[in-house]
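Written out below as structure tokens is the structure these notes cover.
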Amino acid sequence: MAKKPVQFTLNGSEKATFVEEGQNLLDVLRRGVGDLTPKYGCAQGTCGACTVLIDGEPHLSCLTLAETVEGRSVATVAGLENGAALHPLQEAFMRNFAAQCGYCTPGMLMAAKALLERNPRPTREEVVEAISGNICRCTGYEAIIAAILEAAGSGSAASKGRG
Amino acid sequence: MPVHVETHANISDAARALSSARDGRFFGGGTLLMRALNEADQSIGTIVRCTDPVLRQVRSEGDRIAIGAGVTMAEIMANRDLAFLAPVARIIGGPAVRSAATVGGNLFAEPPYGDFTTALLALDASVRFAGESGQSTPLQDFLRDRANRRGRVVESVMVPRITDPKALRFVKVTRVKPKGAALMSIAAWLPGSGGRGCRIAYGNMAPTPVRAAAAERALEGASLSEQGIARALQAATEGLTPPTDMFASEWYRREVAPVHLKRLLLGQGQ
Amino acid sequence: MSIEFRKELFADERDDNLNEIGKPTQRQDMVGHVTGRSPFYDDHLFEGLLHMRCVRSPHHHARIRSIDVSAAASMPGVKRVVLGKDVPRNLNTLLSLLDFGLDDEPLISERKVSYKGEPVAVVIAESEHAARDAVAKVRVDWEVLPHVLDVEEAIVPNAPTVNETYPGNCFIYHGKYTHQKLRYGDVDAAFAQADHVIEGRYQMSPIEQAPTETCGAIAAPENNNRYVCYTSTQALFFSLGTAAKLLDVASNRLHFIGGTVGGGFGGKVDSLHEPMAILGSMLTGRPCKYMFDRAEEMQVGAPRGAERWYVTDGVMNDGRLVARKFVGYFDSGAYTRLSSYAIIKAVGHLPGPYTIPNVYADVYCVFTNRTPATAMRGFGITGVDFAIEAHMDKVAEQIGMDPIEFRILNSYRDGDMKAHRRLAKNTALIECCQVAAEKAKWSLSDQAKRQNSLTGGGGERAQLPNFTKTDENGRVEGFSTGSYAQKNKPGAPAQPPQPNYQPQPAPRPSAPPPAPPTAPPPQTPAAPPPIPRPTTQVQDPFSAPTPTPPNPPQPPAAPPGGAPRRTTRFSSISGLRRR
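Protein chains in written order, with the numbering used here: chain A, 221 to 383; chain B, 6 to 275; chain C, 736 to 1314.
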């Protein structure tokens, strides 16, 4: 199968890799460049576990044709921390026990980050809408909503983090 | 089979490539096609992409608006001229789906998807293919023969310019809250006073979105009151054969269609 | 979210020095979760990883005439196509590790398939895409067989045999019966004398656990002739034992690493991904990954099985339950997995948290041509509890009684005898009902509000029935009674049947018909024996088939002034301690 070279920015760092034709971004992030934070849940756009930001917009990396990120900027949970300090969203998720098995958490965090970047003071309804494409099977939605609202309340969640 | 992806900067090149490709499929936002690629759908050999800016444009053409086929649901929601369509775009998937899913892709979406097209059908939209300048195909005709249109590149969708956001009403009926696949969606365009000239379309009541022609006729000249719409509700599923699938049975769809149509027409909360 | 403690309840039974409950304690894995660094099985990268994809049956039930893998095997990137003959010991059942059930399920089927999606071949390839393309090229010549998808249709004579190990489509309990029995008192006699006999039928569909992380495993050759296996299993040692058995290797050659699971809910207890991935690694010498995609997780990932329950209650005009009879069917799907064991749990739970002096249950673990069923949260209990509580509402409505008061009246209380012949302790249903009513602003009578779990139980309510009617219905031959479903082995004589436990001597039921002289058919339903008559003086007229009116459990008296007790409540979660 023919391979194509692709260059993009991942959490602020330049990446160059070869992708197979038709390959999805999730696969390239995980196996191509070794960022294991986006998770495989369905490869059909229903679970949200692979959510990443592309040029600041939330996207499902399993439904993103890898070659289309050429020259663009991709952000994942791996870029949320600032040095040793957790991102305010990560801290709020911890404080609110907003993870049980932890598998949906990276997608939830990126969906939340996308929301707070364009809407730093969301209502509860807007938070629910923002994570409406992300499934948590451990049924932790209330804790997740509380964590996102709390991070928004701290006012600094939108601007922190690389990428 | 190994998939070949080709990208064209010009829409006419893309249209030519698609029509000559063996097992070719046009790539819109990828929300449906990538799923097929992830599953190694053996019917797909070539993917044709197009980066022509014309696909991303929203522009006025007299009393109509041409929405580029590559415009995403997120872009619809952000466009002031398309405010009447924002509530429809908002119920398509979650935010991450909406930043990829396109108007053109939705035209080809199989059930249970294609809610946006249901609204377009109620709006009497028409479809313009690449290379066509003046003419366009009524959406109803397009849908009737949809399978045979896959080999053509859609450039844009024409919709009437609507200033009163209440003139277009839409409901997506799901079992999962806040979001889930629709067991049915209903769109109603009420351009005049009362039911005059109204257009009603259903999603997921047939293999493609369909008009509720009998209900439309019954509403002609009627008032949008409980009494006025009674006949239309009786005729809500006349002429339709709703499917039985994993979301609902035919019986259930027939039972609840008038209930949701009533709420929609009376403007009652869903 | 806040937790409300009702510390006034059972206050004298606790010293109330709760060190952890009610106080948040950070989880040790939380930092890993919020940073995305928690190592799920698929987060281990291996150079040269190969991918495995199954060829699956499109039919519910079919014989395999032949499998042609030549086109698939020669495709680019394909390393190997694996068939059932490549599995060292291609028949297993998970609970054989507990001596509970017969091996009945191949890892990769060779002769026939019994559910849609059953694997018949596995492609190992350089990429997942190449594996999928090759799967599409495998040609299987199927002889489609009639199938059965309904539990009751599966156990009628001449129904298609789903599972050759159990030709009657029923799991065999204790080597003897087509179903698990519970006999406590005499429900028929009690029904005859009850004011109302009320029947209900309840059923639950299969439920997929749908973990966000699909089931999977990665195996790779390790040093010292060992294999390492990263897995999403919820039951590491079950998976280790199963892999060692199917692959016929010593378990110390397998190095299992698990523990971080992306949601399981029971569906990852009996996965077969580990033996499959290790087999791939053994056959190719390379790291191999076998994972379900989402469609497989939903279609062939073992769900909570469907259940169907018939519940019949005998009830007096004043609301006292005098008898409850269950006939239940668990849909095990095509193979045993865990349903047979779930039924043991279910029957131990009957008749629910109520004191009823006559209880009867026949519960069948039925094989159908559906996806094999397994555990899911509260398995064995959830389905029948739904049936019981729905039926409680139905009975309350039919006799014109408030449904909560009906429950309080019949609730078990400390010291009551349960149908599994142990005294109830640490009961708290009455208090739960009272608090639930209070929260729902549901008015209760003063009488119901005064009740409590500590008083009114015991005494006559602690007595076993004087007579329990037993039978040999569903008796089968050809299985050993030495274990739950043992087939007779040469040199291992069948043990004599264990005596039924009876508090007082009662007439023995007649013996089952003798076995045929030649190889016995697997099932020989016996005619019901004549109803035994009690010969001893009965103390509890309620459980005896005498013409006197049934005597329901003594209505609990109003509580005395709260006699202090210093027993420890909630001391045993599983109940095993008491055995």
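Think of the CB as a built atom: it goes at the ideal place given N, C-alpha and C, for glycine as much as any other residue.
All values reported here derive from a predicted model rather than from experimental measurement.
Quiz item: Apart from the five residues just before and just after alanine 105 (chain B), which ones in its own chain have a Cβ nearer than 7 Å to its Cβ?
Solution: Position 100 of the second sequence, counted from the first residue, corresponds to residue 105 (chain B). Closer than 7 Å at the Cβ level, and outside the excluded window around alanine 105 (chain B), lie Gly34, Gly35, Thr36, Thr77.
Practice problem: Below 6 Å CB to CB, which residues in the same chain sit around leucine 329 (chain A) once its five sequence neighbours on both sides are set aside? | Solution: Locating residue 329 (chain A) in the first sequence gives position 109, where the first residue counts as 1. Closer than 6 Å at Cβ, skipping near neighbours: Val297, Leu309.
Exercise. With 7 Å as the limit, tell me which residues of the region 264-283 of chain A have their beta carbon closer than that to any beta carbon of chain D; keep them in chain order.
Key: Annotation note: the requested chain D is absent from the structure, which comprises protein chains A, B and C.
Quiz item: In the region 866-891 of chain C, which residue ranges form an unbroken alpha helix (DSSP H) of at least 4 residues, counting only runs that do not cross its ends?
Solution: 886-889
Quiz prompt | Sub-9 Å separation of glycine 232 (chain A) and cysteine 324 (chain A) beta-carbons | solution = The residue you call residue 232 (chain A) lines up with position 12 of the first sequence. The residue you call residue 324 (chain A) lines up with position 104 of the first sequence. Contact: no.
Quiz item: Along the region 332-364 of chain A, what residues have a CB closer than 8 Å to any CB found in chain C?
Solution: Ile355, Cys356, Arg357, Cys358, Glu362, Ala363
Quiz item: Fully enclosed by the region 260-301 of chain A, which beta strand (DSSP E) runs are 3 residues long or longer?
Solution: 271-274, 277-280, 293-295
Quiz item: phenylalanine 972 (chain C) and aspartate 1005 (chain C): beta carbons closer than 9 Å?
Solution: For the purposes of this step, residue 972 (chain C) is taken as residue 237 along the third sequence, with counting starting at 1. For the purposes of this step, residue 1005 (chain C) is taken as residue 270 along the third sequence, with counting starting at 1. No.
Exercise. Return the CA-CA distance between proline 1255 (chain C) and serine 1188 (chain C), expressed in angstroms with no decimal places.
Key: The sequence position of residue 1255 (chain C) within the third sequence is 520, counting from 1. The sequence position of residue 1188 (chain C) within the third sequence is 453, counting from 1. Below a pLDDT of 50, predicted positions are generally treated as unreliable, and proline 1255 (chain C), at 36, falls in that range; the measurement from the model is reported next regardless. Those two C-alpha atoms are separated by around 52 Å.
Quiz item: Exposed or buried, tryptophan 256 (chain B), counting other C-beta atoms within 10 Å across all chains shown (16 or more means buried)?
Solution: Numbered from 1 along the second sequence, position 251 holds the residue referred to as residue 256 (chain B). Tryptophan 256 (chain B) should be labelled exposed.
Quiz item: Are the beta-carbon atoms of alanine 331 (chain A) and alanine 350 (chain A) separated by less than 9 Å?
Solution: In the first sequence, counting from the first residue as 1, residue 331 (chain A) sits at position 111. In the first sequence, counting from the first residue as 1, residue 350 (chain A) sits at position 130. Cβ distance < 9 Å, so alanine 331 (chain A) and alanine 350 (chain A) count as in contact.
Quiz item: Between isoleucine 96 (chain B) and the rest of its own chain, which residues show a CB-CB distance below 7 Å, the 5 nearest in sequence each way excluded?
Solution: Numbered from its first residue, the second sequence carries residue 96 (chain B) at position 91. Once the five neighbours on either side are set aside, the close Cβ partners of isoleucine 96 (chain B) are Asp120, Lys177.
Quiz item: Assuming alanine 925 (chain C) contacts asparagine 1201 (chain C) under a Cβ cut-off of 8 Å, what Cβ separation, rounded to an integer in Å, is found between them?
Solution: If you number the third sequence from 1, residue 925 (chain C) lands on position 190. If you number the third sequence from 1, residue 1201 (chain C) lands on position 466. Their Cβ separation, rounded to whole angstroms, is 13 Å, which puts alanine 925 (chain C) and asparagine 1201 (chain C) out of contact at 8 Å.
Exercise. Output the distance between the C-alpha atoms of alanine 1037 (chain C) and threonine 142 (chain B), rounded to the nearest integer angstrom.
Key: Position 302 of the third sequence holds residue 1037 (chain C). Position 137 of the second sequence holds residue 142 (chain B). Approximately 48 Å, taken between the alpha carbons.
Quiz item: If you count every other CB in all the chains shown that lies within 10 Å of the CB of serine 1016 (chain C), and 16 or more means buried, which is it?
Solution: Counting from 1 along the third sequence, the entry for residue 1016 (chain C) is found at position 281. So serine 1016 (chain C) ends up on the buried side.
Practice problem: List the residues that DSSP assigns as beta-bridge partners of valine 1101 (chain C). | Solution: On the third sequence, residue 1101 (chain C) is found 366 positions in, with the first residue counted as 1. Partner(s): C:Cys905, C:Asp1066.
Practice problem: Pick out whichever of C:Val1057, C:Pro881, C:Tyr1045 has its Cα sitting closest to the Cα of aspartate 930 (chain C). | Solution: The sequence position of residue 930 (chain C) within the third sequence is 195, counting from 1. Considering only alpha carbons, the answer is C:Val1057.
Quiz item: Anyone know if the C-beta pair for glycine 1209 (chain C) and arginine 1148 (chain C) falls short of 9 Å?
Solution: Counting from one through the third sequence, the residue named residue 1209 (chain C) turns up at place 474. Counting from one through the third sequence, the residue named residue 1148 (chain C) turns up at place 413. No. Outside cutoff.
Quiz prompt | Test item: CB-CB of methionine 1033 (chain C) and cysteine 950 (chain C) under 9 Å | solution = Translated into the one-based positions of the third sequence, residue 1033 (chain C) becomes position 298. Translated into the one-based positions of the third sequence, residue 950 (chain C) becomes position 215. Against a cut-off of 9 Å, the Cβ pair of cysteine 950 (chain C) and methionine 1033 (chain C) comes out as no contact.
Quiz prompt | Contained alpha helix (DSSP H) runs [length at least 4] in the region 1025-1070 of chain C, N- to C-terminal order | solution = 1029-1034
Quiz item: Going by beta carbon distance, what residues of the same chain come within less than 7 Å of arginine 1072 (chain C), once the five residues before and after it are set aside?
Solution: Locating residue 1072 (chain C) in the third sequence gives position 337, where the first residue counts as 1. For arginine 1072 (chain C), where only same-chain residues beyond five positions count, the Cβ hits under 7 Å are Leu829, Asp1005, Ala1037, Pro1107, Ala1108, Thr1109.
Exercise. Taking C-beta pairs closer than 7 Å, name the residues in chain C that proline 326 (chain A) reaches, listed in chain order.
Key: Your numbering for residue 326 (chain A) matches position 106 in the first sequence. Near proline 326 (chain A) (Cβ distances below 7 Å), the residues of chain C are Gly771.
Quiz item: Any idea what DSSP makes of glutamine 320 (chain A), helix, strand or coil?
Solution: Along the first sequence, read from residue 1 onward, the residue named residue 320 (chain A) stands at position 100. Looking at glutamine 320 (chain A) - three-state DSSP - the assignment turns out to be coil, as it is neither helix nor strand.
Quiz item: Hey, how far is the Cα of aspartate 777 (chain C) from the Cα of cysteine 262 (chain A)?
Solution: As a first step, residue 777 (chain C) must be located in the third sequence, where it is residue number 42. As a first step, residue 262 (chain A) must be located in the first sequence, where it is residue number 42. Distance between the alpha carbons of aspartate 777 (chain C) and cysteine 262 (chain A): 14 Å.
Quiz item: Listing by chain order, which chain C residues have their CB less than 7 Å from the CB of alanine 45 (chain B)?
Solution: If you number the second sequence from 1, residue 45 (chain B) lands on position 40. Going along chain C in sequence order, the residues near alanine 45 (chain B) (Cβ under 7 Å) are His864, Arg867, Asp868.
Quiz item: Can you give the Cα-Cα distance for aspartate 868 (chain C) and alanine 114 (chain B), rounded to whole angstroms?
Solution: Along the third sequence, read from residue 1 onward, the residue named residue 868 (chain C) stands at position 133. Along the second sequence, read from residue 1 onward, the residue named residue 114 (chain B) stands at position 109. Using only the alpha carbons, I get a separation of about 24 Å.
Quiz item: According to the neighbour-count rule (16 or more other Cβ atoms, all chains shown, within 10 Å of its Cβ), is glutamine 1169 (chain C) buried or exposed?
Solution: Here residue 1169 (chain C) corresponds to residue number 434 of the third sequence, with the count starting at 1. Answer is buried; the Cβ neighbour count reaches 16.
Quiz item: Using the C-alpha atoms, what's the distance from arginine 1055 (chain C) back to alanine 1172 (chain C)?
Solution: Here residue 1172 (chain C) refers to the residue found at position 437 when the third sequence is read from its first residue. Here residue 1055 (chain C) refers to the residue found at position 320 when the third sequence is read from its first residue. For alanine 1172 (chain C) and arginine 1055 (chain C), the distance between alpha carbons rounds to 20 Å.
Exercise. Report all residues from its chain with a CB closer than 8 Å to the CB of serine 773 (chain C); omit the five preceding and five following residues, and keep chain order.
Key: As a first step, residue 773 (chain C) must be located in the third sequence, where it is residue number 38. These residues qualify, in order along the chain: Asp764, Gly767, Thr995.
Self-check item: Residues, ordered as in the chain, of the region 282-300 of chain A that lie near chain B by beta-carbon distance below 9 Å
Solution: Cys282, Leu283, Thr284, Leu285, Glu287, Thr288
Self-check item: Residue-chain proximity (glutamine 227 (chain A), chain C), Cβ-Cβ < 9 Å
Solution: Taking the first sequence and counting its residues from 1, one reaches residue 227 (chain A) at position 7. For glutamine 227 (chain A), the answer is no, since every Cβ of chain C falls outside 9 Å of its Cβ.
Quiz item: How would you write the range of the alpha helix (DSSP H) that histidine 1084 (chain C) sits in, first residue to last?
Solution: Position 349 of the third sequence, counted from the first residue, corresponds to residue 1084 (chain C). Element bounds for histidine 1084 (chain C): 1074-1084.
Quiz item: Where does the unbroken beta strand (DSSP E) through alanine 954 (chain C) begin, and where does it stop?
Solution: By 1-based counting over the third sequence, the position of residue 954 (chain C) is 219. 951-956 is the span of the beta strand (DSSP E), which, as asked, contains alanine 954 (chain C).
Quiz item: What do you get for lysine 333 (chain A), buried or exposed, if any count of 16 or more other CB atoms within 10 angstroms of its CB means buried?
Solution: Within the first sequence, numbered from 1, the residue matching residue 333 (chain A) stands at position 113. Buried, by the Cβ-count rule.
Quiz item: What residue from B:Met251, B:Leu245, B:Asp250 has the CA that sits closest to alanine 262 (chain B)'s CA?
Solution: The residue labelled residue 262 (chain B) in the question sits at position 257 within the second sequence. Checking every option, the nearest Cα to that of alanine 262 (chain B) belongs to B:Leu245.
Quiz item: Quick one: what's got a C-beta closer than 7 Å to tryptophan 194 (chain B)'s C-beta in the same chain, skipping five residues either side?
Solution: The residue given as residue 194 (chain B) occupies position 189 in the second sequence. The residues are Ala127, Leu128, Ala172, Leu173, Cys203, Arg204.
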